[in-house]
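Here the protein sequences come in this chain order: A and B. Numbered according to numbering that gives the first Met the number 0, the first sequence terminates at residue 444, and the numbering increases by one at each position without gaps. Numbered according to numbering that gives the first Met the number 0, the second sequence terminates at residue 444, and the numbering increases by one at each position without gaps. By construction, the Cβ of each residue, glycine as well, lies at the ideal position given by its N, Cα and C atoms. Okay, so here's the structure we're looking at.
There are 2 protein chains.
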Amino acid sequence: MTQTPRQMKLGAFLMATGHHVAAWRHPEVPANAGLDFGHYKQLARIAEAAKFDALFVADSVAAAEGDIASRMARSDHFEPLTLLSALSAVTERIGLIATATTSYNEPYHVARKFASLDHLSSGRAGWNLVTSDAAAEALNFGRTEHISHAERYARAREFHQVVTGLWDSWEDDAFTRDKASGQYYDPAKLHVLNHQGEHFKVRGPLNVARSPQGRPVIVQAGSSQTGLELAAQTAEVVFTAQTSLARAQAFYADLKGRLARFGRPADALKIMPGVFVVVGRSESEAREKHEAFQDLVEPQVGVALLGRMLGNFDLSGYPLDGPLPELPLTDSGQQSRQKLLTELAGQENLTLAQLGRRIAGGRGHYSLVGTPTQIADELQAWFEQGAADGFNVLVPHLPGGLEDFATHVVPELQRRGLYRTEYQGSTLREHLGLERPTNRFSQPL
Amino acid sequence: MTQTPRQMKLGAFLMATGHHVAAWRHPEVPANAGLDFGHYKQLARIAEAAKFDALFVADSVAAAEGDIASRMARSDHFEPLTLLSALSAVTERIGLIATATTSYNEPYHVARKFASLDHLSSGRAGWNLVTSDAAAEALNFGRTEHISHAERYARAREFHQVVTGLWDSWEDDAFTRDKASGQYYDPAKLHVLNHQGEHFKVRGPLNVARSPQGRPVIVQAGSSQTGLELAAQTAEVVFTAQTSLARAQAFYADLKGRLARFGRPADALKIMPGVFVVVGRSESEAREKHEAFQDLVEPQVGVALLGRMLGNFDLSGYPLDGPLPELPLTDSGQQSRQKLLTELAGQENLTLAQLGRRIAGGRGHYSLVGTPTQIADELQAWFEQGAADGFNVLVPHLPGGLEDFATHVVPELQRRGLYRTEYQGSTLREHLGLERPTNRFSQPL
Ligand SMILES: Cc1cc2nc3c(=O)[nH]c(=O)nc-3n(C[C@H](O)[C@H](O)[C@H](O)COP(=O)(O)O)c2cc1C
Ligand SMILES: Cc1cc2nc3c(=O)[nH]c(=O)nc-3n(C[C@H](O)[C@H](O)[C@H](O)COP(=O)(O)O)c2cc1C
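Now the structure itself:
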């Protein structure tokens, strides 16, 4: 195999009407996109034509509700595993990353559904393992309050062990299906997990053969110390919100530096910061496009979004033209974001409403508003200067924003040799340059 | 609307290589069908071209394993919700019925995934609500033994309440999505469930809008007294195994007779017995086809299947040429089947191996081996003589057996005016002649 130059990875982060909180109000955006399969099919085709590595779908198992939620397009959307299963049937090569929480799920169901998706898609499944940032989820699963941060991560760690153990229930060649002898599988290649731990007791085996990728790709997005340790040990892709090149470099060095302790090479994990992109033919056109969305943000909606980003705070009691109030630290792991936004508000002397408006599009992700060249320059800088292996691309509105990125930015990256012009492999692991894991139970040859 | 004559309903019960336990060994059958999406796509297209009401997929959340299981094609297959989601993208009209157990699931997840499938498919989803017949499932969900029969049904009843309550979280017109005013939904049309019961505490609301069918169609298959009561109260389709016209008539009259007590008209529930069908151009050709599968049955495999049908018994210690041993009644609700098979073995003086061979295809469902005319005659008799509203069709092998039924039996039923020649409606409810349920929270106009 000839060594190809390092190229960046791209995820298309799909979110109904788009990432901008007011996108649904824009005349070009179908307001009912969240439950329109035709819309998602179109997005998948745009992203696949542009050779994206994967589609990425976030999740929450609770509905946004209340007076302000009724003014946001956040409460009705497809469930990610059913959506990506449907999309697997109308795509060929692009990866399919669905989010599922370890806090309010059973590992057997999660292992099984992702293995099934990996088979349906011939090896294109990824699991974004999250611990749930929405405390409201707890109330839908028999609890009166959210599981604590520490406990969520302890549970996540064990959950991951169980799921990967179940994925290894069958060796790759366990199913002999020999019509003549009548042997369907070789019993010596079946491994019963018999897991008994602090949080879970799961016998196994899984009723799905080992999947094309061996195991679906593990994606994570936590950024606390506990979250980073879990990622260093188990994640293959990390999705993260970083607000400057310097911060992203520090994050990258820190996380990659942790892998050796777990006996993993640094490139066994790909770091893909989120980046919010608004593309224009000129810089001023891009800014105008962006402003068109910003002007649709109702101040109280921006402030509500801000409260949620800071850790499930209700900021509706504070004056819109006053400063960001001092907030207590919460258990939902948003400390670093609080610090960041407090600094920003202080530096630029922003009111609460202004700060809300500021985060209405990228929600704390790095924002790029400019020409294809300007955007490619920034992505290249991050990629070449130790800040990123690739990016999870957020756009203000869908499908328009994704079309813009695919038509204008991707070709510019390709011209620079920074991005593939054709898929080389057929699985998500192959796109990402990740090895196919060996079965923990297999005998070395 | 003009009144059309009553026509029968047909479900295509899909099962990997087919329902015959030895189907996978047959030269015409792809042995790896259980995890081949192309195979299922083909099945869906055959069934849709023949205007079947629905595809039906059974389920278990545990793998068949052990020496005998290693000789059956039962341990690797797609998970139903992911599979049917994928099939929704490559079909247009046919219903999609997935099985999910209430014993080892959380109602929020089940409500959400089926609502999502109903949106993905524009109103074609059905939920086969089962209470789990495989005791092994318990061990994959933190338990050391199966939940008892009584407790499983108590849980199922409450589970159904929660799921349908969540499906009604939003009134049909709750999502106004008014770009000008900025109102995305009308808060007065959102209903928080706040369920607190014996088994579940679920706040809601669901994060999926009310689905095209209002609620996915509820299918059930239990046949104990408790099971029948639950069905009379909540099911819209009942799938059942009946071994003779007389028995099927008694079952039909009994179950339909129970509906009035719950204030439901008799046609609010459709009864669809399973029927195992082998089609030939002549009766002898059909018999030969059937024998070709029977000859592939290893005696110990047939006996193992028998043991499972009788209620998770291990019969491997009994002589193959001896009689069916007396078995204790178990908790898994197979009493009626035990009685039936004991009678059959006695009447015909069958050995254990012979009885195993007898049930190797239809697994206790009514078996029809003959010409299209003979098969249509029987189906017509059941349909017209108060035994069935339609049938869930099981075939020995796939895709061949389904192709046979679609090509030869369906046209014969159509000629007789007993079956549709075109879909009239677009949702599963419309196919089945079931009303769209009103939202429990809506104000009558
Ligand atoms: C970029 C990013 C994306 C995330 N996506 C989700 C999501 O889709 N669903 C979810 O429940 N939690 C999501 N989370 C929350 C994390 O799983 C985690 O619960 C939270 O960040 C707290 O953990 P930490 O303190 O380690 O960051 C996300 C977090 C980040 C930083
Ligand atoms: C025709 C038929 C099909 C069934 N399909 C399933 C199934 O796919 N998965 C499952 O776990 N249980 C299945 N069951 C089991 C029932 O849900 C129920 O648990 C079992 O029949 C015991 O209840 P009963 O005593 O009311 O019959 C099925 C039962 C029948 C009769």
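In the three-state reduction of the DSSP assignment, PRO272(A) falls in the strand class, which pools E and B.
A distance of 9 Å or more separates the beta carbons of GLY203(A) and ALA137(B). At a beta-carbon threshold of 8 Å, the residues of chain B lying near HIS118(A) are LEU34, PHE36 and PHE77, ordered along the chain. Relative to ligand 1, GLY221(A) has its C-beta within less than 8 Å of a heavy atom. Those residues of the segment 263-289 of chain B placed with their C-beta closer than 8 Å to a C-beta in chain A do not exist.
One alpha carbon belongs to VAL218(A), the other to GLY432(A), and they sit about 14 Å apart.
By alpha-carbon distance to PRO398(B), the top candidate from PHE36(B), ARG70(B) and THR370(B) is PHE36(B). Counting C-beta atoms within 10 angstroms of its own C-beta, THR163(B) has 16 or more neighbours from the protein chains shown and is therefore classed as buried. For PHE12(B), the enclosing beta strand (DSSP E) has its first and last residue at 8-13. Following the DSSP letters along the chain, one finds GLY369(A) inside the beta strand (DSSP E) bounded by residues 365-369.
When the alpha-carbon of LEU351(A) is set against those of LEU323(A), GLN248(A) and GLN337(A), the nearest one is in LEU323(A). Taking every protein chain shown into account, the CB of ALA149(A) has fewer than 16 other CB atoms within 10 angstroms, so this residue is exposed.
Comparing C-alpha distances from MET308(B) to each of GLY279(B), VAL277(B) and ARG357(B) shows the shortest one belongs to ARG357(B). Judged by DSSP in its simplified three-state form, LYS200(A) adopts strand. Interface residue (Cβ-Cβ distance to chain B less than 9 Å): TYR365(A) is not classified as such.
Taking the Cα positions, THR239(A) is about 15 Å away from THR225(A). Close CB contacts of LEU34(B) within its chain, under the 7 Å cut and outside five residues either way in sequence, are with ASP75, HIS76 and PHE77 (chain order). GLY17(A) has its CB no nearer than 8 Å to any heavy atom of ligand 1. Chain-order list of chain A residues neighbouring ASN206(B): SER59, VAL60, ALA61, ALA62, ALA63, SER74, ASP75 and HIS76, by C-beta distance under 8 Å.
Considered as a whole, the segment 147-217 of chain A harbours 148-166 as its complete alpha helix (DSSP H) runs of no fewer than 4 residues, in chain order. In this model, ARG419(A) and PRO26(A) are separated by some 33 Å (Cα to Cα). For PHE250(A), the CB contacts under 7 Å within the same chain, skipping 5 residues up- and downstream, are THR239 and GLN241 in chain order. Note that the C-beta distance between ARG142(A) and THR101(A) is not below 9 Å. CA-to-CA, the gap between ARG263(B) and ALA99(B) works out to about 25 Å. Taking a contact to require three or more Cβ pairs closer than 8 Å, the segment 5-23 of chain A and the segment 381-394 of chain A qualify as touching. Interface annotation, ALA48(A): not in contact with chain B, CB-CB separation never under 9 Å. Under the 8 Å Cβ criterion, the segment 336-355 of chain B counts as touching the segment 300-320 of chain B, having at least three qualifying pairs. Proximity of the beta carbon of LEU309(B) to ligand 1 is not indicated: no heavy atom of the ligand is located closer than 8 Å.
With respect to chain B, the C-beta atom of HIS108(A) has a partner C-beta closer than 9 Å. Residues of the segment 191-224 of chain B whose Cβ lies closer than 8 Å to any Cβ of chain A, in chain order: VAL191, PHE199, LYS200, VAL201, ARG202, GLY203, PRO204, LEU205, ASN206, VAL207 and ALA208.
At least one CB of chain A lies nearer than 9 Å to the CB of GLY141(B).
Contact with chain B is found for TRP169(A), since one of that chain's Cβ atoms lies less than 9 Å from the residue's Cβ. Following the DSSP letters along the chain, one finds PHE77(B) in no beta strand (DSSP E), marked with neither H nor E. For GLY389(B), the enclosing beta strand (DSSP E) stretches over residues 389-393. ALA359(A) and ARG156(B) have their C-alpha atoms roughly 44 Å apart.
Looking at the DSSP output, LEU95(B) sits in a beta bridge with LEU54(B) and ALA124(B).
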